[in-house]
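The listed protein sequences derive, respectively, from chains S and X. For the first sequence, my numbering begins at 1 and goes up steadily by one. For the second sequence, my numbering begins at 1 and goes up steadily by one. Where a beta carbon is used, it is the ideal one built from N, C-alpha and C, also for glycine. See below for the structure under consideration.
2 protein chains.
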Amino acid sequence: MPNPEKVLQTVAWKGGRVRMIDQTALPERLTYVDMSDWRDVAQAIRTMVVRGAPAIGCSAALGMALGARGIIAENKAAFRKRMEQIADTFKAARPTAVNLGWAVDRMMGVVDRVDGNVVDIKDALITEALEMLREDIEANRALGAHGAKLLPDSVSILTHCNAGALATVSYGTALGVVRAAVEAGKNVRVFADETRPRLQGMKLTAWELLQEGIPVTVIADSMAATLMRDGKIDCVIVGADRIAANGDTANKIGTYSVAVLAHHHKIPFYVAAPLSTVDMSLPTGARIPIEERETVEMTHLEGIRIAPEGVTVLNPAFDVTPHELIAAIITERGVIEAPFAKNLAAVGEREAVLA
Amino acid sequence: MPNPEKVLQTVAWKGGRVRMIDQTALPERLTYVDMSDWRDVAQAIRTMVVRGAPAIGCSAALGMALGARGIIAENKAAFRKRMEQIADTFKAARPTAVNLGWAVDRMMGVVDRVDGNVVDIKDALITEALEMLREDIEANRALGAHGAKLLPDSVSILTHCNAGALATVSYGTALGVVRAAVEAGKNVRVFADETRPRLQGMKLTAWELLQEGIPVTVIADSMAATLMRDGKIDCVIVGADRIAANGDTANKIGTYSVAVLAHHHKIPFYVAAPLSTVDMSLPTGARIPIEERETVEMTHLEGIRIAPEGVTVLNPAFDVTPHELIAAIITERGVIEAPFAKNLAAVGEREAVLA
């Protein structure tokens, strides 16, 4: 059983400031940064001090609550105008994960909804952000439990990038399923793609699982195919940055590659994500914006140049896996299978009724 | 047209010593190392100062010629015994590439064949090694020309690892096809997988093509699938370390992954290799020995630790692509298509008649 003392909390509200694990320092050091300026929170999202779709959504929510506290406004209209500027900055921080826009819109909803003075709204924003953090952990525990039921008692799971506690507030999505399976007494072994260029699999997923003693083996991204052919992978579980209405899923670059390989080797490929990652406004994945990050992430490693001077490199941060390659989407409301367009819409409607 | 002044020669015989490009220093510095002790040549193969199946075959041949010169033996039997020890050391330097054993056996054939004293044999060994270097360049130019005919006038080629001048004596196999296509006036663009863990695509292939002004873009290994889906790759061309009698091909780890992805996207996948890479003694790829290299190649980069302390990593240096995924094998005797077992055997018989 995981030791609850060791459960990581990636982002938190602490003494009126936003506290987060500095993920750029892992695995060398587990350090926390405290931010008292909302602009620092936006910058932390941009520079990937915090990353992972649910984690950056919750960070933006905390950042907006922090920003709200600093506003000196004579009336609600002036306050709202200033909040809109903050909202725009957070939304623009990273383009692909829908959770960022979802969290920002939800916080702006509080601004519009709360009937009271600016002080009341500021308090309500903090309450809402903390509620989102609580919901995130709850959703991950729920989806973890649903996902664990899909797995045999002894299972070897391949994951890509980090969809763990470090990508969420805590517990994780893909690694939430791993944790829930371990808690259910299953014999779980994880293979982690190292995930070039930023090596989140090597640096974050492996580190996170090592903390809890869950067996993990790191491979280069290009080794997954051979492991699959050799029968060493029972299933693939990854997270998601945005899921279109038809189930097409944007996730870390290389996810699509893993999905094709799993398909070829007849290995089930699962996406684990909270419903806040589903973007019903996009009918397919074709229009999900794909962030292109700085080429220095490819040409340098640990500050050292690895590429020849003057070479052209590509650095898309995400790719889109078409729904045909996805066996199921594991959510906090249960496991959703094909046809995804129909079944995602049905869950969405049920959610609306429950809300 | 490539500038002949700029043509790289990876290994050479120079003033009674073995000279090779130090590939561990690229792309920062183009430096040469001169070796006057055969043990240094074997060590250079082990530590990948020189790498690439044809290059290490020719390096071993030069190394044996060098070793022979240093032997003081009272008779041919004593000389032969010492040569056998040297041969065993070279054969054991790296296990996967068949060219190493092929070259060593060919050199031992000279020892057995030459009717004369030890001095005559030593001279014949140098002559034979230099002949192998000459043949390698000739084979690459021939297979390059055959391969270039397969390509459309404007073509975007994906390659993995380095099967270039740096993997051979000169000109290259997969990159020999690229060079021949450029020389034939075709409009060629290369995408180079960076090829973790040792980054030969990033450090060698990109560098080598940049020297000649051939357009090259480096991608992380995990990005190839998305480029294929987006229609940006017309074909894949890779080298080979050992080809079984049925066409199954061992090559750098990640090659099998690329082959599956190409198959899924209906993109032709070509192997370019001299016939010396074909091992007719192995009916299939199942028994090709796969080298496991030190885990430090995965856990560290440029001497800096990137992995968490204590994590398990895998580091197989090669994988095997089954013949079903290969559109054609491009050799110096022409383009060989399926059924490979029959067609490789036919070429082998023709070779035997010609020899």
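Kindly indicate if chain X contains any beta-carbon less than 8 Å away from that of residue i.
i: residue 41 (chain S); result: no
i: residue 96 (chain S); result: no
i: residue 206 (chain S); result: yes
i: residue 226 (chain S); result: yes
i: residue 222 (chain S); result: yes
i: residue 13 (chain S); result: no
i: residue 55 (chain S); result: no
i: residue 8 (chain S); result: no
i: residue 313 (chain S); result: yes
i: residue 243 (chain S); result: no
i: residue 357 (chain S); result: Summary: the structure shown does not reach residue 357 (chain S), with chain S confined to residues 1 through 355, and so no result is reported for it.
i: residue 217 (chain S); result: yes
i: residue 310 (chain S); result: yes
By Cβ distance, which residues of its chain are closer than 7 Å to residue i, with the 5 residues on each side in sequence left out?
i: residue 49 (chain S); result: 20, 22, 23, 24, 33
i: residue 118 (chain X); result: 73, 76, 79
i: residue 99 (chain X); result: 53, 54, 56, 57, 276, 277
i: residue 168 (chain S); result: 10, 52, 54, 55, 136, 140
i: residue 313 (chain S); result: 295, 298, 299, 307
i: residue 4 (chain S); result: In this prediction, residue 4 (chain S) scores a pLDDT of 48, lower than 50, which makes its location untrustworthy; the coordinate-derived value is nonetheless stated afterwards. Excluding sequence neighbours, residue 4 (chain S) sits near nothing in its chain.
Report all residues from its chain with a CB closer than 6 Å to the CB of residue i; omit the five preceding and five following residues, and keep chain order.
i: residue 249 (chain X); result: 240, 243, 271, 321
i: residue 66 (chain S); result: 18, 38
i: residue 131 (chain S); result: none
i: residue 206 (chain X); result: 192, 216, 218
i: residue 71 (chain S); result: 79, 82
i: residue 162 (chain X); result: 200, 204, 205
i: residue 225 (chain X); result: 261
i: residue 61 (chain S); result: 103, 107, 129, 132
i: residue 268 (chain X); result: 235, 327
Measuring CA to CA, which of the options is closest to residue i?
i: residue 113 (chain S); options: S:142, S:125, S:280; result: S:125
i: residue 258 (chain X); options: X:277, X:216, X:235, X:273; result: X:235
i: residue 10 (chain S); options: S:294, S:226, S:164, S:149; result: S:164
i: residue 122 (chain X); options: X:314, X:276, X:109; result: X:109
i: residue 330 (chain S); options: S:303, S:300, S:283, S:277; result: S:277
i: residue 173 (chain S); options: S:334, S:339, S:351, S:344; result: S:334
i: residue 179 (chain S); options: S:343, S:280, S:237; result: S:237
i: residue 246 (chain S); options: S:340, S:101, S:68, S:143; result: S:340
i: residue 227 (chain X); options: S:305, S:232, S:256, S:14; result: S:256
i: residue 41 (chain S); options: S:91, S:148, S:8; result: S:91
i: residue 145 (chain X); options: X:14, X:93, X:345, X:171; result: X:171
i: residue 187 (chain X); options: X:336, X:221, X:148; result: X:148
i: residue 28 (chain S); options: X:310, X:209, X:316; result: X:310
i: residue 253 (chain X); options: S:222, S:150, S:26; result: S:222
i: residue 155 (chain X); options: X:214, X:138, X:97, X:116; result: X:214
i: residue 194 (chain X); options: X:15, X:209, X:220; result: X:220
i: residue 198 (chain S); options: S:15, S:302, S:349; result: S:302
i: residue 281 (chain S); options: S:89, S:120, S:344; result: S:344
The ligand ZN heavy atoms versus the CB of residue i: any closer than 7 Å?
i: residue 131 (chain X); result: The model depicted lacks the ligand ZN and carries no ligand whatsoever.
Strictly under 8 Å for the Cβ-Cβ distance: is residue i near chain S by that measure?
i: residue 48 (chain X); result: no
i: residue 301 (chain X); result: yes
i: residue 239 (chain X); result: no
i: residue 91 (chain X); result: no
i: residue 178 (chain X); result: no
i: residue 214 (chain X); result: no
i: residue 289 (chain X); result: no
i: residue 339 (chain X); result: no
i: residue 247 (chain X); result: no
i: residue 76 (chain X); result: no
i: residue 235 (chain X); result: no
i: residue 306 (chain X); result: yes
Tell me which same chain residues have a C-beta within less than 8 Å of the C-beta of residue i, skipping the five on either side of it?
i: residue 30 (chain X); result: 21
i: residue 47 (chain S); result: 24
i: residue 143 (chain S); result: 173, 176, 177, 272, 273, 274, 330, 331, 332
Self-check item: Within the segment 281 to 330 of chain X, ranges of the alpha helix (DSSP H) (whole runs, at least 4 residues)
Solution: Along the length of the segment 281 to 330 of chain X, whole alpha helix (DSSP H) runs at least 4 residues long occupy 296 to 299, reported in chain order.
Quiz item: If you measure beta-carbon to beta-carbon, which residues of the segment 184 to 201 of chain X are closer than 8 Å to chain S?
Solution: 193, 194, 195, 196, 197, 199
Practice problem: Report the residues of the segment 251 to 274 of chain X with a CB closer than 9 Å to any CB of chain S, ordered along the chain. | Solution: Listed by position, the residues of the segment 251 to 274 of chain X near chain S (Cβ gap below 9 Å) are 252, 253, 254, 255, 256, 257, 258, 259, 260, 261, 263, 264, 265.
Quiz item: In the segment 318 to 329 of chain S, which residues sit with their C-beta less than 7 Å from some C-beta in chain X, listed in chain order?
Solution: 319
Exercise. Could I get the ranges of all uninterrupted beta strand (DSSP E) runs contained in the segment 203 to 247 of chain S, with 3 residues as the minimum, in chain order?
Key: 216 to 219, 235 to 238, 242 to 244
Practice problem: Residues of the segment 133 to 167 of chain S with a CB closer than 9 Å to any CB of chain X: list them in chain order, please. | Solution: 160
Exercise. Just list the beta strand (DSSP E) runs in the segment 90 to 169 of chain S, keeping only unbroken ones of 3 residues or longer that don't cross its boundaries, in chain order.
Key: Fully enclosed beta strand (DSSP E) runs of 3 or longer: 154 to 159.
Practice problem: Starting from the N-terminal side, write out each stretch of the beta strand (DSSP E) that is 3 residues or longer and does not extend beyond the segment 23 to 79 of chain X. | Solution: 32 to 35
Quiz prompt | the segment 98 to 126 of chain S: positions lying closer than 9 Å to chain X by Cβ | solution = none
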